[in-house]
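For the sequence shown, our numbering assigns the number 294 to the last residue and increments by one with no breaks.
Ideal Cβ placement from N, Cα and C applies to all residues, glycine included.
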Amino acid sequence: MGFIKVINRLLQTDLAGSILGLMSDQINKALLAKIALTFLLLNVWVGSTVADTKATNTASENNIKVAFVSKFIAFSKWPETVNRDKLKIGVLNNSDISTLLEYWKTNSKNESEYTILSFDSLDDYQQVDVFWAGKNDLKPILEQIKQQPVMIIGEGVSCWHQNLHICLLDQEENFRFKLDLYSFQQSDLKISSKVIRLAKEVRK
């Protein structure tokens with residue numbers, strides 16, 4: 091199916107199907123990056139074709155990760171003590187993700203007043219509502235964070251071993267994700283059943 095046909099089909103589906111519903115083995119990173127950015131930036135693809143260079147591949151992967159983060163936020167619920175329209179999003183040791191999140195916040199149709207905070211190390215951590223941990227080891231502060239309503243998103247195998255809420259996995263040119271519903275319950279968070287159905291693995 092051509093890219094234009096994919097986009098036309100996506101425009102007729104809900105947001106869950108738009109980004110998360112197409113995480114199949116038939117969609118490679120280049121195409122998924124285009125789809126992710128299309129919905130992330132006012133449904134218009136503004137980038138160029140992905141070149142076969144390490145720098146461009148990394149940028150495309152980061153675009154995909156930010157698209158995932160935006161949809162995880164859209165389909166999750168925080169307790170009433172958290173202002174849903176003024177979420178604080180923390181990013182640990184990844185300036186590229188922080189920059190893309192700022193771009194998403196500025197250019198998306200979402201009218202919420204999100205704040206993006208960058209932390210160079212765990213020592214810089216302060217209270218947030220969403221925390222991008224990447225592949226970092228959160229052990230020194232993990233128990234502290236998990237007692238708060240903070241959705242923690244990591245990536246890689248070590249993320250799953252740390253029992254983070256959401257783990258992104260890059261497997262054979264495809265991005266998948268795992269959910270730890272027990273961690274969601276511990277943190278008084280909820281995520282849509284639409285997202286749960288699309289997860290590669292769910293821990294209850």
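Query, Result
"Close Cβ partners of V134 (< 6 Å) along its chain, the five nearest in sequence each way excluded", "For V134, the predicted structure reports a pLDDT of 31, less than 50, and the residue's modelled location is therefore unreliable. A value from the coordinates is still provided. Nothing listed; no residue qualifies."
"Contact under 8 Å by Cβ, D219 with V240", "yes"
"Under the three-state DSSP convention, the category W194 falls into", "helix"
"E170 classed as buried or exposed, judged by whether at least 16 other C-beta atoms fall within 10 angstroms", "exposed"
"L132 versus T196: straight-line alpha-carbon distance, rounded", "Bear in mind that the predicted position of L132 carries a pLDDT of just 34, short of 50, making it too unreliable to give a figure here."
"Neighbour-count burial assignment, I187, 16 or more Cβ in a 10 Å radius", "buried"
"Reference R287, options D175, L269, D210, I231, closest by Cα", "L269"
"Candidates E245, S248, Q216: closest to I235 by CA position", "Q216"
"Candidates N173, N152, D175, A157: closest to N184 by CA position", "N152"
"Bridge partner(s) assigned by DSSP for T309", "The structure shown does not extend to residue 309, since the chain is modelled only from 91 through 294, so no value can be given for it."
"Which residues DSSP lists as bridging W222, in chain order", "V181, I243"
"Backbone secondary structure at I231 - three-state DSSP", "coil"
"Distance, L182 Cα to L207 Cα", "9 Å"
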